[in-house]
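Worksheet: the structure to be examined is printed underneath.
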Amino acid sequence: MVNSNIEPQTITPDFGTLKRGKLDILVNWGITSATKLDDMGNEYTEWQYESVRINWVLPAVYESEAAIQAYLNANYDEGENILGWAQATRLEIHSRSAM
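The sequence shown begins at 173 in the working numbering and counts up one residue at a time.
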């Protein structure tokens, strides 16, 4: 579980890793927020969520980063179901570490 004061996106591509139609993406789910108080008594929003970084193969050549982001957003939990793949990867990592 990740705790952050920065609101996460559901999918964040790392365009610096884009090579031969593949790139790393950070997939976040189970996103919730709560209002907290800092040491000075100021309110802030804390975000909690599950997260995994995976390497994703793009199904086509895209002309821009915006087009790639649109494809990823459209396939987060529908179509290619990137979320399902990310969650399965996370479960596999946890299962192996429990051995």
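Cβ atoms here follow ideal geometry from the backbone N, Cα and C, with glycine treated the same way.
Keep in mind that this is a model prediction, so the values were computed, not measured.
Note: P185 is bridge-paired with I197 in the DSSP secondary-structure output. The beta strand (DSSP E) runs lying completely inside the stretch 192-240 and spanning 3 residues or more are 194-209, 215-229, given in chain order. N175 carries a strand assignment under DSSP once its states are collapsed to helix, strand and coil.
Around the Cβ of V233, a 10 Å sphere holds fewer than 16 other Cβ atoms; the residue is exposed. The count of Cβ pairs closer than 8 Å, one atom from the stretch 209-216 and one from the stretch 179-198, stays below three, leaving the stretches out of contact. Spatial neighbours of E252 in its own chain (CB-CB distance under 6 Å, excluding positions within 5 residues in sequence) are not present. Each of I240, A260, I178 was checked against the Cα of V229, and the nearest Cα belongs to I240. By the criterion of a C-beta distance shorter than 6 Å, N247 is surrounded in its chain by I254, once the five residues flanking it on both sides are discounted. For L244, the number of other beta carbons within 10 angstroms of its own is at least 16, and it is reported as buried.
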